[in-house]
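What follows is a single structure, written as structure tokens, with notes after it.
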Amino acid sequence: MDDMNSVLWELMDGTNEFGEICNLMDATFHERIAPADERLRTSVNQLVSDGLAIIRQSPFKGEWNISPRYDPSGKLPPPSSRLGLDSEE
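Structure follows, in structure tokens:
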């Protein structure tokens, strides 16, 4: 994932509306992302198409865990201590 899509992914946590994301991305990436709304709509649609995101019509109110390192499937083992990751972020 490139830098712009990485930032988009972080902003798509359920707490920001699409217009807010567009404004933040435009202020961050300027002409690299212009026109921001069109490029972001395409990126969001690709994430939805790939099954990595959903589009909500209502505000996020804590219906699911969006914390780092949470595996909703329960299939992933915990990260190895050899990675040197903090236990909490």
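Residue numbering for the sequence shown follows numbering that gives the first Met the number 0, starting at 0 and increasing by one per position. Backbone N, C-alpha and C fix where the C-beta goes; we use that ideal spot for every residue, glycine too. This one's a predicted model, so the numbers in the text were calculated from it and none came from an experiment.
Nearest CA to the CA of D36: which residue from Q45, M24 and L46?
-> Distances from the CA of D36 to each of Q45, M24 and L46 were compared; the closest alpha carbon is that of M24.
Among residues of its own chain, excluding the 5 on either side of L39, which ones have a beta-carbon nearer than 7 Å to its beta-carbon?
-> L7, I20, C21 and M24.
DSSP state of S72 mapped onto helix, strand, coil | coil
Pull up the distance between the alpha-carbon of S123 and that of R31, whole angstroms please.
-> This structure leaves residue 123 out entirely; the chain is present only between 0 and 88.
Report the three-state DSSP secondary structure of S5 (helix, strand or coil).
-> helix
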